[in-house]
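Peer 1: Residue numbers (the working numbering): 1 to 326.
Structure representation (structure tokens):
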């Protein structure tokens with residue numbers, strides 16, 4: 001006897017309910033072993049500090065160990081590729097803008113596609129970058145320093161934590177906006193960039209606020225301006241580059257958690273809620289602020305929208321400035 005349309009609909013609804021229930025049970029039972037957080041930069045870098053700040057409270061919330069592993073290289077893309085290809089169901093990553101947005105645009109040979117192979121989980125923190133130079137850099141104002149940079153042509157160099165990182169793309173945008181031509185020198189991470197700056201190998205760089213201000217307070221570097229449109233609560237004493245006369249310049253860095261695209265949606269939803277709660281807790285919020293991050297938090301869907309918007313913005317800079325992997 002053929003079931004009536006109503007009965008078929010009820011059967012389908014029952015199966016759907018069972019499916020949703022099974023997914024909820026799957027998320028509740030996860031994790032069944034230690035969770036691994038991969039970081040694409042060396043120990044002591046900003047993404048590494050963020051990951052280690054999140055690891056302990058996440059472990060308490062999940063009732064399983066959370067282990068941070070550093071897999072530096074290719075501007076964080078080596079670790080991102082490892083996350084994309086992870087099949088154990090327990091590997092996620094703390095990543096920067098570029099890993100989740102323009103990696104494939106910058107280099108078609110990138111072994112993963114951010115849009116297809118990674119699942120957004122939660123935006124953690126955002127910040128402007130700080131244009132910095134050695135303490136003995138020429139000029140008493142930002143405008144005077146930029147004038148010196150213009151007159152130096154390609155005799156000056158700037159450092160970044162890798163080709164395609166926001167520190168690199170931001171400097172290329174600044175070169176166009178300020179009509180200067182320092183040569184790019186990529187390093188494994190920001191600590192190496194600062195070491196090179198203090199050693200006189202490079203003359204400028206865009207650094208995360210926490211790192212820049214720590215060096216400035218020690219009298220080792222000169223801060224020249226923020227990449228935000230206006231001033232930031234992270235470093236309210238530092239003017240924006242726009243205030244210094246660099247027109248149409250605005251750029252922000254951020255870090256986020258992502259997993260492989262194969263990770264079940266209920267697990268992603270659970271992790272998204274946990275990371276949002278953890279990052280907004282007073283203790284973690286304060287630690288992230290001290291590291292130079294304005295806490296964001298939010299859903300995986302919100303992060304997906306941010307990724308889409310930034311891919312368009314950064315992609316335009318890449319095309320306009322003809323940035324390529326060397």
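Just so you know, even glycine gets a beta-carbon here, dropped at the ideal spot from N, CA and C. The structure presented is a predicted model; accordingly, all values stated were derived computationally and were not measured.
Suppose contacts are defined by Cβ-Cβ distances below 8 Å. Is residue 246 in contact with residue 223 by that definition?
Peer 2: Pairing residue 246 with residue 223 gives a Cβ-Cβ distance that is not under 8 Å.
Peer 1: In this structure, does DSSP put residue 42 in helix, strand or coil?
Peer 2: coil
Peer 1: By how many angstroms is the C-alpha of residue 278 removed from the C-alpha of residue 54?
Peer 2: Between residue 54 and residue 278, the C-alpha separation is close to 7 Å.
Peer 1: Which complete alpha helix (DSSP H) runs does the stretch 59-91 hold, if anything under 4 residues is left out?
Peer 2: 77-85
Peer 1: Ignore the nearest five residues each way along the sequence and tell me which others in residue 131's own chain have a CB closer than 6 Å to its CB.
Peer 2: 206, 224 and 225
Peer 1: State yes or no: is the C-beta of residue 83 within less than 8 Å of the C-beta of residue 129?
Peer 2: Cβ distance not < 8 Å, so residue 83 and residue 129 don't count as in contact.
Peer 1: Can you tell me the Cα-Cα spacing of residue 280 and residue 150, whole angstroms?
Peer 2: 43 Å
Peer 1: State the Cα-Cα distance for the pair residue 243 and residue 310, rounded to the nearest angstrom.
Peer 2: 23 Å
Peer 1: Taking only the alpha-carbon atoms, compute the straight-line gap between residue 167 and residue 160 and give it to the nearest angstrom.
Peer 2: 5 Å
Peer 1: When you compare the CB positions of residue 158 and residue 121, do they come within less than 8 Å of one another, or not?
Peer 2: no
Peer 1: Can you check which of these residues, 137, 233, 192 and 93, is closest to residue 261 by C-alpha distance?
Peer 2: 93
Peer 1: Could you tell me the alpha carbon to alpha carbon distance between residue 35 and residue 58, rounded to whole angstroms?
Peer 2: 9 Å
Peer 1: How big is the Cα-Cα spacing for residue 98 and residue 235?
Peer 2: 24 Å
Peer 1: Is any beta-carbon of chain C found at less than 8 Å from that of residue 105?
Peer 2: Any reference to chain C falls outside this structure, which holds one protein chain only.
Peer 1: For residue 240, which residues in the same chain have their Cβ closer than 7 Å to its Cβ, ignoring the five residues on either side in sequence?
Peer 2: 225, 226, 228, 229, 230 and 231
Peer 1: In terms of residues, what are the limits of the alpha helix (DSSP H) holding residue 307?
Peer 2: Where residue 307 is concerned, the enclosing alpha helix (DSSP H) stretches over 300-320.
Peer 1: Using DSSP's beta-bridge definition, name the partner residues of residue 255.
Peer 2: Paired residue(s): 96 and 125.
Peer 1: Quick check on the DSSP output: the beta strand (DSSP E) that includes residue 212 runs from which residue to which?
Peer 2: Taken as a continuous stretch (DSSP letters only), residue 212 belongs to no beta strand (DSSP E), being part of the alpha helix (DSSP H) at 209-217.
Peer 1: What did DSSP end up calling residue 331 once you bin it into helix, strand or coil?
Peer 2: This structure cannot settle anything about residue 331, because the visible part of the chain is limited to 1 through 326.
Peer 1: Just to confirm the assignment, what range does the beta strand (DSSP E) spanning residue 220 have?
Peer 2: It is not in any beta strand (DSSP E) - residue 220 carries neither H nor E in the DSSP assignment.
Peer 1: In angstroms, rounded to a whole number, what distance separates the CA positions of residue 77 and residue 299?
Peer 2: A direct Cα-to-Cα measurement between residue 77 and residue 299 gives close to 23 Å.
Peer 1: Look at residue 325 and residue 164 and say whether their C-beta atoms are less than 8 Å apart.
Peer 2: In contact: residue 325 and residue 164 (Cβ atoms closer than 8 Å).
Peer 1: If you drop the 5 nearest sequence neighbours on each side, which residues of the same chain put their C-beta closer than 6 Å to that of residue 117?
Peer 2: Answer for residue 117: 84 and 261, listed in chain order.
Peer 1: Below 8 Å on the Cβ atoms is my contact criterion, and I expect residue 70 with residue 43 to pass it. Report the Cβ-Cβ distance as a whole number of Å.
Peer 2: 6 Å
Peer 1: Would DSSP call residue 133 helix, strand or coil?
Peer 2: strand
Peer 1: Considering residue 167, what are the terminal residues of the alpha helix (DSSP H) in which it resides?
Peer 2: 166-178
Peer 1: Could you check where the beta strand (DSSP E) with residue 160 kicks off and where it finishes?
Peer 2: 157-160
Peer 1: Is DSSP giving residue 139 helix, strand or coil here?
Peer 2: coil
Peer 1: Assuming residue 101 and residue 307 are in contact, meaning their beta carbons sit under 8 Å apart, how far apart are those beta carbons, in whole angstroms?
Peer 2: 6 Å
Peer 1: Under DSSP, the alpha helix (DSSP H) around residue 154 begins and ends at which residues?
Peer 2: From DSSP, residue 154 is part of no alpha helix (DSSP H); its letter is neither H nor E.
Peer 1: According to DSSP, is residue 102 helix, strand or coil?
Peer 2: coil
Peer 1: Can you name, in chain order, every residue of its own chain whose Cβ lies under 7 Å from the Cβ of residue 248, other than the five neighbours on each side?
Peer 2: 177
Peer 1: Ordered along the chain, which non-local residues of its own chain (more than five positions away) have a Cβ less than 6 Å from that of residue 46?
Peer 2: 208
Peer 1: Cα-Cα, which of 112, 255 and 263 is closest to residue 295?
Peer 2: 255
Peer 1: Among 284, 318, 204 and 75, which one has its Cα closest to the Cα of residue 51?
Peer 2: Ranking 284, 318, 204 and 75 by Cα distance to residue 51 puts 284 first.
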